[in-house]
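Heads up, the thing below is written out as structure tokens.
Chains as they are written, first to last, in our numbering: chain A, 3 to 308; chain B, 2 to 257.
What follows is the structure in structure tokens.
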């Protein structure tokens, strides 16, 4: 089935108010910012954003009023520091209060894994002794029932997100995708989510994907929509395609110090440009400077059967 | 405060080299970002040529990246990696007991090495919302040894943290063992000194003072009555080989 649609249509169809949405499954790389921007433009409300960390994406969605809950391990600016919108929401209820479901990176990955594989919970030795057990009441501290000796264990409930938006280097129009480099919780998120939106930097023929199936992290039949958005991860990096726009992150971090500064930033970069191509055009030469031009190709892998 | 007498290295460079010395040859280490990532590079080039660095985004590397990194997922940290995988396979190595040591920072650390990077004040109505754990709680709970990197002042080195994101020795003594955890902090490297846990209570003690600093100043900037190890002296200055390795890793002079 041909699943290729525009990003605005994919967001309109698959991301509803109050949904739990994975945005930023790959830690600092491959954050689908173009989708975050489009969700902001379409004015979604009450989202539960799921991400281990999010490098400014979650922070800006909170500031734009889209977020009711954060299920994650870390919200801020990786190269800058504190998340200013996150702080305003939690400390002052501006622009609105949010609920935090504290995780560590590992507990979030294990929760998605439990969701992916139908496990009633994931057992964890991490979080023992941590106050995350106090601030997130979803975790249960108990004893290992299979052990004769006393052995504390933390049970993490599964996460089954409504939607996962996952950025990849290349995909075909049917949802078969190649991702290389680090993958964070991409695989667990794709297999746990009810709906998967693939945001591809490059659209390719199925034969390209078929030539190297070991580079596929989740099957195409689990994908609901494919969007072809070159450079859609800007300002985050993507292996072999885009360098990280450190200056852009720094500028966001400085401007978002005040609510007024953030509003101006949002007008300029998200609400002003009507879609990703307009955003891309506004970046202009800055975007081209970030394009990776070198080549470090993998050695070919032979899949021949005979 | 006395001025630094040896002008050949900055305080941050000394911290990096002190952190590098905490990595033993052949160890598997959770590296983290910024200062420790540079320390890993220095260790590889000096005394620990067989150390392996793990990154929670899903990477393992032997050789340090060839340019300054802003995040662990930057393309420069991926090219030449020895394993590009996911968060669960890599962090699962911690839970499997296969990681020798890990580095983390934080907003506050207390006398038992507990670290807060989540909330200042009541977590239900905090005065300051900090970014949160990331992978720090996992590394602190499950690495064989934890090395913390902190700026040394009374607001950061406190008697007890209000919120334990990353467990150290909890209330001290055998509290960590009773909670079900092995390992624990082995060193806290600050911009003034190195502290290490000592005695039955596992309370952090002064282990060495960096060149250019003195004991009274370190004690005055610590939020609990800091005791000294009997053999506490001066942090050894970087050797010529260590400085050369650092300058090779830190090509852009970010830490000078």
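Where a beta carbon is used, it is the ideal one built from N, C-alpha and C, also for glycine.
Name the chain A residues whose beta carbon is nearer than 7 Å to that of residue i?
{"i": "residue 75 (chain B)", "result": "239, 246"}
{"i": "residue 180 (chain B)", "result": "130, 131, 154"}
{"i": "residue 209 (chain B)", "result": "In chain order: nothing, as chain A lies at least about 28 Å away."}
Looking at the unbroken beta strand (DSSP E) that takes in residue i, where does it start and where does it end?
{"i": "residue 206 (chain B)", "result": "204-210"}
{"i": "residue 146 (chain B)", "result": "146-151"}
{"i": "residue 31 (chain B)", "result": "29-31"}
Who are the near neighbours of residue i in its chain, counting only those whose CB is closer than 7 Å to its CB and skipping five residues on each side?
{"i": "residue 87 (chain A)", "result": "61, 62, 64, 65, 258, 264"}
{"i": "residue 251 (chain B)", "result": "39"}
{"i": "residue 48 (chain A)", "result": "19, 20, 70"}
{"i": "residue 253 (chain B)", "result": "69"}
{"i": "residue 209 (chain B)", "result": "194, 195, 233, 234, 235, 236"}
{"i": "residue 294 (chain A)", "result": "242, 243, 244, 245"}
{"i": "residue 256 (chain B)", "result": "11, 13, 14, 17, 39"}
{"i": "residue 111 (chain B)", "result": "159, 160, 161, 162"}
{"i": "residue 124 (chain A)", "result": "112, 113, 115, 116, 158"}
{"i": "residue 4 (chain B)", "result": "Summary for residue 4 (chain B): the model assigns pLDDT 44, below 50, so the residue's position carries little reliability; its value from the coordinates is reported in the next sentence. 213, listed in sequence order."}
{"i": "residue 144 (chain A)", "result": "155, 157"}
In chain B, what lies closer than 9 Å to residue i by C-beta?
{"i": "residue 84 (chain A)", "result": "129, 130, 131, 132"}
{"i": "residue 286 (chain A)", "result": "What residue 286 (chain A) touches in chain B: nothing, since even the nearest Cβ is about 22 Å away."}
The alpha helix (DSSP H) with residue i in it runs from where to where?
{"i": "residue 33 (chain A)", "result": "Per DSSP, residue 33 (chain A) belongs to no alpha helix (DSSP H) and is neither H nor E."}
{"i": "residue 1 (chain A)", "result": "Past the edges of chain A, shown from 3 to 308, lies residue 1 (chain A), and the structure says nothing about it."}
{"i": "residue 250 (chain B)", "result": "241-250"}
{"i": "residue 232 (chain B)", "result": "Note, residue 232 (chain B): premise wrong, no alpha helix (DSSP H); beta strand (DSSP E) at 229-235."}
Do you know how far the Cα of residue j is from the Cα of residue i?
{"i": "residue 169 (chain A)", "j": "residue 175 (chain A)", "result": "14 Å"}
{"i": "residue 173 (chain B)", "j": "residue 233 (chain B)", "result": "22 Å"}
{"i": "residue 72 (chain B)", "j": "residue 34 (chain A)", "result": "17 Å"}
{"i": "residue 178 (chain B)", "j": "residue 128 (chain A)", "result": "13 Å"}
{"i": "residue 256 (chain A)", "j": "residue 241 (chain A)", "result": "27 Å"}
{"i": "residue 7 (chain B)", "j": "residue 79 (chain B)", "result": "At residue 7 (chain B), the pLDDT of 47 sits below 50, so the modelled position is not reliable; the number obtained from the coordinates is stated separately. Going by the C-alpha atoms only, they are around 36 Å apart."}
{"i": "residue 160 (chain B)", "j": "residue 188 (chain A)", "result": "40 Å"}
{"i": "residue 158 (chain B)", "j": "residue 198 (chain B)", "result": "14 Å"}
{"i": "residue 92 (chain A)", "j": "residue 117 (chain A)", "result": "28 Å"}
{"i": "residue 83 (chain A)", "j": "residue 254 (chain A)", "result": "11 Å"}
{"i": "residue 315 (chain B)", "j": "residue 134 (chain A)", "result": "Residue 315 (chain B) lies beyond the stretch modelled for chain B, which goes from 2 to 257, so this question has no answer here."}
{"i": "residue 230 (chain B)", "j": "residue 148 (chain B)", "result": "18 Å"}
Which same chain residues, not among the five before or five after residue i, have their C-beta less than 6 Å away from its C-beta?
{"i": "residue 143 (chain B)", "result": "95, 96"}
{"i": "residue 97 (chain A)", "result": "67"}
{"i": "residue 164 (chain A)", "result": "21, 22, 196"}
{"i": "residue 229 (chain A)", "result": "9, 12, 201"}
{"i": "residue 109 (chain B)", "result": "117, 157, 159, 162"}
Give me the chain B residues within the contact set of residue i, using Cβ-Cβ distance strictly less than 7 Å, ordered along the chain.
{"i": "residue 222 (chain A)", "result": "Ordered by position in chain B, no residue passes the 7 Å Cβ test against residue 222 (chain A), which lies about 19 Å from the chain."}
{"i": "residue 81 (chain A)", "result": "71, 72"}
{"i": "residue 186 (chain A)", "result": "58, 59, 87, 88"}
{"i": "residue 54 (chain A)", "result": "88"}
List, in chain order, every chain A residue whose beta-carbon is nearer than 8 Å to that of residue i.
{"i": "residue 187 (chain B)", "result": "Within 8 Å Cβ-Cβ: nothing; residue 187 (chain B) doesn't reach chain A, min ~17 Å."}
{"i": "residue 202 (chain B)", "result": "Per Cβ cutoff of 8 Å: no residues; residue 202 (chain B) is ~16 Å from chain A at best."}
Using a cut-off of 9 Å between C-beta atoms, extract the partners of residue i located in chain A.
{"i": "residue 214 (chain B)", "result": "None at all; the shortest Cβ gap to chain A is about 26 Å."}
Taking 8 Å as the limit between beta carbons, can you name the residues of its chain near residue i, skipping five residues before and five after?
{"i": "residue 4 (chain A)", "result": "175, 176"}
{"i": "residue 268 (chain A)", "result": "42, 62, 65, 66"}
{"i": "residue 209 (chain A)", "result": "none"}
Residues in the region 91-113 of chain B having any Cβ partner in chain A nearer than 8 Å
Within the region 91-113 of chain B, 92, 93, 95, 96 place their CB atoms closer than 8 Å to a CB of chain A, listed in sequence order.
According to a CB-to-CB cut-off of less than 9 Å, which residues of the region 112-138 of chain A neighbour chain B?
So the list reads 112, 114, 115, 126, 127, 128, 129, 130, 131, 132, 133, 134, 136, 137, given in the order they occur along the chain.
Mind checking the region 189-214 of chain A against chain B and listing, in chain order, the residues whose C-beta falls within less than 8 Å of any C-beta there?
For the region 189-214 of chain A, residues whose beta-carbon sits nearer than 8 Å to a beta-carbon of chain B comprise 189, 190.
Between the region 134-147 of chain B and chain A, which residues of the former have CB atoms less than 7 Å from a CB of the latter, in chain order?
Residues 134, 135, 136, 138, 139, 142, 143.
Can you give me, in chain order, the residues of the region 147-171 of chain B that have a beta carbon less than 8 Å from any beta carbon in chain A?
Cβ contacts with chain A: 164, 165, 166, 167, 168, 171.
Within 8 Å of chain B by C-beta, residues of the region 15-29 of chain A in sequence order
Against chain B - using a Cβ distance shorter than 8 Å - the residues of the region 15-29 of chain A are 28, 29.
Determine which residues of the region 90-108 of chain A have a Cβ less than 7 Å from any Cβ of chain B, and write them out in chain order.
Hits within the stretch, in order: 92, 93, 104, 106, 107, 108.
Counting only Cβ-Cβ distances shorter than 7 Å, please list the residues of the region 235-255 of chain B near chain A, keeping chain order.
Shown here is that no member of the region 235-255 of chain B has a Cβ falling below 7 Å from a Cβ of chain A.
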